[in-house]
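Residue numbers (our numbering), protein chains in the order written: chain A, 1 to 199; chain B, 1001 to 1684.
Yeah, the Cβ is synthetic: ideal placement off N, Cα and C, and Gly gets one too.
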């Protein structure tokens, strides 16, 4: 077997990789303890009894900009008014593109008319990696029992064009609606699209 | 703030007037961090021509655009075309991609000058002296940050009597072509189990593959390590599944990249067992059915059938006035023949079902069945050679009833033709029976239907094309010669079965089988000579004894088979519920592996983790008996075993350690899984 190319390292990595449990719809959502832009600490268990939305974001990313033409703010208002906890998560590492401080974060929230419950600074990327968050935007819905109900893209057309929002199937909005109605979203997993998260 | 992004989002689209730049290029469009042009291979085209169009990107250093599967983020470049009626363009021919690792993420795309080729076809009936091409390209260009952009390109090419290559485009087109993966006609199979993607590809060129790219999005975990293993003539691939995986397409493109960077593209097909089984059977199905029909046709030439056919032919030729009635009769006759064959098949299938219900399974893998089939074919060959006549009694019983008239008469003539013809047809029927017992029920039925249709075909043809009657040969001695000649293919089939048996059971067993065949020959000779004289009972009695003897000697075989099969692959034995129960009762550790030929995950596991020296050593060290069950044909006993472990499919690996609950191993085995599990179980 001259070409026996079994990479022992690769095999070990595969094995190790499978040990770090990936988030799974229908299973308890990965726990997190993180600080928001005001320095306040939030844990997933603090929100027991409430539906939680996680939105990974990066204000300079064109795909995020596309949805902050009004679509994202509308979703935030609709859902938070129905007692949903909406956390906008920034996983950009310090020094990386998209990393912001408190002042910048507050400025972004007010200038864009955003309405999240809190903006989370995940500077070390621990929360992002626990959720296997890859893109901005990347959306998750967690139900009142702490079970992950939806993960994936915000809608069905991966583009940076605002005009595509109206044509797309709003996967995330549909999923949030289903979870609020006590139903399982369908689809519950979709392809996330956007810029890569700058861990 | 927003304006800034808009300027990045949209590149001003200036449509170029034809003639403003060289006709083969749209001219460069400068976007942020990337300039783009659309290039034509030809500066003048002609109707009926195919040519390459190239979308040519030159991104800034360290900036990249994306492949058809962009990986964990990013966006594949897309082109939408506006072309004159009848002019068509193919999909983008993607160059071999590069992997961009930005831990924990992975992207697939292109850095540096990039050429995306699409093939344009000008129809032969194209009218007009100009071909105007418009294309809108959408791309995402990224370094650390990403900038989406789009641009419109216009090209106007003169159309003439001759096509004229564009010298200045040649380099761009050639560079595009040189970066395309080499398309291969080989196709591989993949399956998904235990959170992994596994693929097996045979027939790849003899190069050292280092990396692969899956074109389906959100299928593999792009950042996870890739396993590539060359083993027993095929490349085996494995990578973890994507967190966002939902469903796999039936087919997708795979690009394999060798150590020198050359890409090869091929198609991967989902191996789900059912597709595989259908594919393997339908491939040979038409051939088998055609052969069965041909066999049925040959039956008509047998001495016991052909005279009947000749008479029928003569009567048809004589009574041209009753054509309609003759046609109806022919159809009823066909129905009778086909239904007789079908009922024979059903009887056989019922026997087979009853047989397997009591654990007496028909499998070509069983040396017993192979030996019996070898006897059968040999005896039938002897019958054709004239040593013995099978079915004489049936012939005399039925001959009177074929005289009946009308539809019912014709139907039963068909039925009886099958029965009456049995002395000659039996040898062929034997072959078909032998084939049918090893096949799925539906296939066995189809074979018998084809056999019947073949047999009835001459009557049908004669009724509809009476002129054919003239073409029929006259009955005569040639019929007997033909019959004797046809014995030899049967002898050869018997030889083949003896060889199969020898492979399974060894040379000593072959000697036993050949002795048995001599006993069969003697029995046939004794019975055959008695058929003529019908005197005394000693000869048929002796024949029956010899027949029993030939079967009895096979009893000597199973004892010798076990060590022989074990010796050919000392590493595992065939699984059976009894064997497992026995081993467990005697307090031995056992590894059970349920597998199937079409299960790629099973294959990769065996090559990577079970057939390795270290696993073999571990099995020997802990004195573990390794039992393998083959679920390729969805064996019912194995299905029941799988259900016992809440599984509906393979692979399933169960390790039994005496005194402990059975341990189910993961569906994806690593080289150390078995050894580590054994170490742990043995120390508990």
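Looking only at C-alpha atoms, which of the options sits nearest to residue i?
| i | options | result |
| --- | --- | --- |
| residue 1236 of chain B | B/1073, B/1268 and B/1036 | B/1268 |
| residue 77 of chain A | A/114, A/110 and A/179 | A/114 |
| residue 1178 of chain B | B/1097, B/1675, B/1163 and B/1514 | B/1097 |
| residue 1232 of chain B | B/1675, B/1507, B/1202 and B/1375 | B/1202 |
| residue 1412 of chain B | B/1632, B/1556 and B/1330 | B/1330 |
| residue 1382 of chain B | B/1519, B/1467 and B/1260 | B/1519 |
| residue 1550 of chain B | B/1682, B/1343 and B/1515 | B/1515 |
| residue 1442 of chain B | B/1603, B/1348 and B/1369 | B/1348 |
| residue 1112 of chain B | B/1142, B/1138 and B/1125 | B/1142 |
| residue 84 of chain A | A/181, A/189 and A/71 | A/181 |
| residue 184 of chain A | A/162, A/51 and A/132 | A/51 |
| residue 48 of chain A | A/100, A/157 and A/145 | A/145 |
| residue 1204 of chain B | B/1151, B/1263, B/1221 and B/1326 | B/1263 |
| residue 991 of chain B | B/1606, B/1501, B/1040 and B/1604 | Since the first residue of chain B shown is 1001 and the last is 1684, residue 991 of chain B is not available in this structure. |
| residue 1445 of chain B | B/1192, B/1538, B/1250 and B/1345 | B/1345 |
| residue 1580 of chain B | B/1637, B/1552, B/1172 and B/1599 | B/1637 |
| residue 1554 of chain B | B/1524, B/1532 and B/1510 | B/1510 |
| residue 1159 of chain B | B/1660, B/1618 and B/1084 | B/1084 |
| residue 1063 of chain B | B/1093, B/1107 and B/1506 | B/1107 |
| residue 186 of chain A | A/137, A/161, A/34 and A/141 | A/141 |
| residue 24 of chain A | A/38, A/189 and A/199 | A/189 |
| residue 1727 of chain B | B/1657, B/1624, B/1654 and B/1602 | Here chain B has residues from 1001 to 1684 only, and residue 1727 of chain B is not among them. |
Residue i touches chain A at which residues, Cβ-Cβ below 9 Å?
| i | result |
| --- | --- |
| residue 1097 of chain B | Those within 9 Å of residue 1097 of chain B in chain A number zero; the least Cβ separation is about 16 Å. |
| residue 952 of chain B | As displayed, chain B neither begins before 1001 nor continues past 1684, which places residue 952 of chain B out of reach and without an answer. |
| residue 1686 of chain B | A query on residue 1686 of chain B cannot be resolved here, the shown segment of chain B reaching from 1001 to 1684 and no further. |
Contact defined as beta carbons within less than 8 Å: I believe residue i pairs with residue j. What is the distance between those atoms, to the nearest angstrom?
| i | j | result |
| --- | --- | --- |
| residue 1490 of chain B | residue 1384 of chain B | 7 Å |
| residue 88 of chain A | residue 135 of chain A | Not really, about 14 Å apart at Cβ, beyond 8 Å. |
| residue 1087 of chain B | residue 1131 of chain B | 7 Å |
| residue 1678 of chain B | residue 1622 of chain B | 5 Å |
| residue 86 of chain A | residue 133 of chain A | In fact, because the Cβ distance is near 15 Å, the residues do not count as touching under 8 Å. |
| residue 1386 of chain B | residue 1334 of chain B | Actually they are not in contact, since the Cβ atoms of residue 1386 of chain B and residue 1334 of chain B sit about 31 Å apart, beyond 8 Å. |
| residue 1455 of chain B | residue 1299 of chain B | 5 Å |
| residue 1139 of chain B | residue 1246 of chain B | That pair is no contact at about 26 Å. |
| residue 1512 of chain B | residue 1556 of chain B | 5 Å |
| residue 1189 of chain B | residue 1199 of chain B | 7 Å |
| residue 1038 of chain B | residue 1135 of chain B | 6 Å |
| residue 1148 of chain B | residue 160 of chain A | 4 Å |
Can you list the residues of chain B that residue i reaches, using a CB-CB cut of under 9 Å?
| i | result |
| --- | --- |
| residue 97 of chain A | 1144 and 1145 |
| residue 88 of chain A | Within chain B, no residue comes near residue 88 of chain A; the closest Cβ sits about 17 Å away, beyond 9 Å. |
| residue 199 of chain A | 1102, 1103, 1104 and 1105 |
Shorter than 7 Å, the distance from the beta carbon of residue i to the closest heavy atom of the ligand ATP, or not?
| i | result |
| --- | --- |
| residue 1204 of chain B | Of the ligands one can find in the structure shown there are none, so the ligand ATP has no counterpart to examine. |
Residues of chain B with CB closer than 8 Å to the CB of residue i, please, in chain order.
| i | result |
| --- | --- |
| residue 150 of chain A | Going along chain B, no residue has its Cβ under 8 Å from residue 150 of chain A, so there is no contact; the nearest lies around 11 Å. |
| residue 129 of chain A | 1104 |
Would you mind telling me which residues of chain A sit closer than 7 Å to residue i, beta carbon to beta carbon, in chain order?
| i | result |
| --- | --- |
| residue 1615 of chain B | Here the premise fails: no neighbours, minimum Cβ distance about 13 Å. |
| residue 1246 of chain B | 187 and 189 |
| residue 1243 of chain B | 22, 23 and 132 |
| residue 1218 of chain B | 191 |
| residue 1678 of chain B | Ordered by position in chain A, no residue passes the 7 Å Cβ test against residue 1678 of chain B, which lies about 17 Å from the chain. |
| residue 1184 of chain B | Residues of chain A passing the Cβ test: none, with the nearest at roughly 17 Å. |
I want to verify the contact list: residues of chain A whose CB lies under 8 Å from the CB of residue i, in sequence order.
| i | result |
| --- | --- |
| residue 1072 of chain B | 134, 135 and 196 |
| residue 1698 of chain B | The requested residue 1698 of chain B does not occur in the structure, where chain B is confined to residues 1001 to 1684. |
Between residue i and chain C, is the shortest Cβ-Cβ distance under 8 Å, so that the two count as touching?
| i | result |
| --- | --- |
| residue 1665 of chain B | Of the chains in the structure shown, none is chain C; the protein chains are A and B. |
Count Cβ pairs between the stretch 1253-1261 of chain B and the stretch 1195-1214 of chain B that sit closer than 8 Å; are there 3 or more? Yes, since at least three Cβ pairs between the stretch 1253-1261 of chain B and the stretch 1195-1214 of chain B fall closer than 8 Å, the two stretches touch.
Count Cβ pairs between the stretch 116-136 of chain A and the stretch 1032-1039 of chain B that sit closer than 8 Å; are there 3 or more? In this structure the stretch 116-136 of chain A does not touch the stretch 1032-1039 of chain B; the number of beta carbon pairs closer than 8 Å is below three.
Is the stretch 1521-1528 of chain B close to the stretch 1491-1506 of chain B, with three or more CB pairs under 8 Å? They do not touch, by the three-pair rule.
May I ask you to verify whether the stretch 1044-1063 of chain B touches the stretch 1117-1127 of chain B, counting CB pairs closer than 8 Å and requiring at least 3? Under the three-pair Cβ rule at 8 Å, the stretch 1044-1063 of chain B counts as touching the stretch 1117-1127 of chain B.
With three or more C-beta pairs closer than 8 Å as the rule, is the stretch 1445-1453 of chain B touching the stretch 1290-1301 of chain B? Yes, the stretch 1290-1301 of chain B touches the stretch 1445-1453 of chain B.
At 4 residues or longer, and completely inside the stretch 1523-1609 of chain B: list those alpha helix (DSSP H) runs for me, N to C. Within the stretch 1523-1609 of chain B, the complete alpha helix (DSSP H) runs of at least 4 residues are 1538-1553, 1556-1568, 1577-1585 and 1600-1605.
Let me know the beta strand (DSSP E) ranges lying completely inside the stretch 48-115 of chain A, each 3 residues or longer, listed in chain order. Whole beta strand (DSSP E) segments, 3+ residues: 52-56 and 85-90.
Taking contact to mean at least 3 C-beta pairs separated by less than 8 Å, is the stretch 86-101 of chain A in contact with the stretch 163-179 of chain A? The stretch 86-101 of chain A is not in contact with the stretch 163-179 of chain A.
Would you call the stretch 1572-1592 of chain B in contact with the stretch 1642-1650 of chain B, where contact means no fewer than 3 C-beta pairs closer than 8 Å? With fewer than three CB-CB distances shorter than 8 Å, the stretch 1572-1592 of chain B does not count as touching the stretch 1642-1650 of chain B.
Completely contained alpha helix (DSSP H) runs for the stretch 1441-1478 of chain B, where each covers 4 or more residues: Every unbroken stretch of the alpha helix (DSSP H) spanning 4 or more residues and falling wholly within the stretch 1441-1478 of chain B is given here in chain order: 1441-1464.
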